[in-house]
Amino acid sequence: MSVSLSFPFPTCLLVVDEIKLIFCITMAVMQRIKKPTTRKGKKVLQSKEPKPTEGPKQCIFLQGRNPSERTKQLLKDIYDLKKPDGAYLRRKNDFVPFEDATLIEKMCYKKEASLFGVGSHNKKRPHNIILGRTFDYGILDMIELGAENFKAMSEFQNMKVLAGLKPCLLFNGPAWELNNELKRLKSLLTDFFHREKVESIRLQGLEHTISFTATDGGNIYMRSYRILLKKSGQRTPRIELEEIGPSIDFKLRRTKLAADDLYKESCRVPREAKTLTKKNISRDAFGSKLGRIHMGKQDINRLQTRKMKGLKKTPEERKQMLMKKKQAKKMAHQAQPMEV
């Protein structure tokens, strides 16, 4: 015996009900987005918006799966070089950035940071350090380095530099320009230690330098020095370098680089930040600013001069001007041809 099933309403009503359900869910989500009602809330949202001129980039340092003592101390030393534009988080997180980076994106959004460093340790990749950056709160670049040799800052018994000092970065070796991965790593390290943009540099302000030496085998040697200015008997002082740590020998392991179009979009300079050249403006040998102005033909007699008693016209001069205007109009009227 066969049984036939029939629906009491047509199929088109199902589609209409589904559309109504989706519309209700969308409206509920839209109603959840509330505008700031206080001045403080508005300032917080405005601080997270993109700006034409950004300040120093913030960085967060996380501990990954089973970090070793070497990776902990290494992240702590890099954080000391980055201070005060950074945050060191001591809590352990069981995640692998190359497999799932949602935790990094969440923490970068929470801390308003665009740079991050993660330390982990396992048998396959011992003393592992991952450095990376984000764009629009999404992962842009990630580079994995292995710390083969490490000497902490505390092992150097000498005077250190002040926190927040802008270092001088040195990149030694032709491999930085020949290898695409090292070229992106150079850009990443520059972002890590870059601070405020300055127009001029004082010689006594150069106190710290960080040197990065790359080899063809993928080894990167990081050294940190304190610059000493000694007397030389001349106007230019004699410069000596004193190593203050940390001293790290990195080995390049894995990379996760952004696509060319995304990287180009992240490097785009906004129109407000571009310096436009002004035309017809120059400076002479003495530094005076000179400008060229283009003006149309002017009638000197119609120029408004300063109203002084000595410059005012007498009644007789006004009568003579009126007589001249009347005569000029009469001559122009007589010069016109007669219409027949």
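All residue numbers for the sequence shown refer to the working numbering, where the first residue is 39 and numbers rise by one.
Glycine included, every Cβ here is placed at the ideal spot set by N, Cα and C.
Residues bridged to residue 276 [DSSP beta-bridge criterion] | 268
Helix, strand or coil for residue 82, going by three-state DSSP, please let me know.
-> helix
Flag this pair as touching only if the region 153-171 and the region 96-113 have three or more C-beta atom pairs under 8 Å; answer yes or no.
-> yes
How is residue 98 classed by DSSP in three states: helix, strand or coil?
-> strand
Write down every uninterrupted run of the beta strand (DSSP E) in the region 308-347 whose length is 3 residues or greater and which is fully enclosed by it, in chain order.
-> 319-321, 327-329
For residue 166, count neighbouring Cβ atoms within 10 angstroms of its own Cβ and tell me buried if that reaches 16, exposed if not.
-> buried
Excluding five sequence neighbours on each side, which residues of the same chain lie with their C-beta closer than 6 Å to the C-beta of residue 216?
-> none
Can you tell me whether DSSP reads residue 359 as helix, strand or coil?
-> helix
Does the Cβ of residue 369 have 16 or more other Cβ atoms within 10 Å, making it buried, or fewer, making it exposed?
-> exposed
Could you tell me if residue 224 is buried or exposed, where buried requires 16 or more neighbouring beta carbons within 10 angstroms of its beta carbon?
-> buried
Just list the alpha helix (DSSP H) runs in the region 140-202, keeping only unbroken ones of 4 residues or longer that don't cross its boundaries, in chain order.
-> 140-149
Residue range of the unbroken beta strand (DSSP E) whose run includes residue 282 | Segment: none, residue 282 is in no beta strand (DSSP E) and carries neither H nor E.
For residue 116, which of helix, strand or coil comes out of DSSP?
-> helix
Report, in whole angstroms, the separation of the C-beta atoms of residue 189 and residue 283, which I expect to be a contact under 8 Å.
-> 6 Å
In chain order, what residues of the same chain have a beta carbon less than 8 Å from the beta carbon of residue 67, not counting five sequence neighbours either side?
-> In this prediction, residue 67 scores a pLDDT of 46, lower than 50, which makes its location untrustworthy; no coordinate-derived value is stated.
Euclidean distance between Cα positions of residue 257 and residue 287 = 7 Å
How would you label residue 182, buried or exposed, when you count the other beta carbons within 10 angstroms and need 16 or more for buried?
-> buried
Under 7 Å Cβ to Cβ from residue 329, same chain only, skipping five residues before and after it: list those, please.
-> 318, 319
Selection from 162, 102, 220 that minimises the alpha carbon distance to residue 295 = 220
Put residue 231 into one of helix, strand or coil per three-state DSSP.
-> helix
Simplified DSSP assignment, three categories, for residue 77 | helix
Taking the alpha-carbon positions, what's the residue 113 to residue 157 distance?
-> 7 Å
Out of 353, 293, 367, state which residue places its alpha-carbon closest to the alpha-carbon of residue 137.
-> 293
Please determine, among 252, 246, 108, the residue with the shortest C-alpha to C-alpha distance to residue 265.
-> 246
Is residue 53 helix, strand or coil by DSSP?
-> Note that residue 53 scores a pLDDT of 48, beneath 50, so its modelled location is shaky; the value from the coordinates is reported in the next line. DSSP places residue 53 in helix when its eight states are reduced to three.
For residue 338, count neighbouring C-beta atoms within 10 Å of its own C-beta (all shown protein chains included) and say buried if the count is 16 or more, exposed if not.
-> exposed
Can the beta-carbon of residue 211 be found closer than 7 Å to that of residue 122?
-> no
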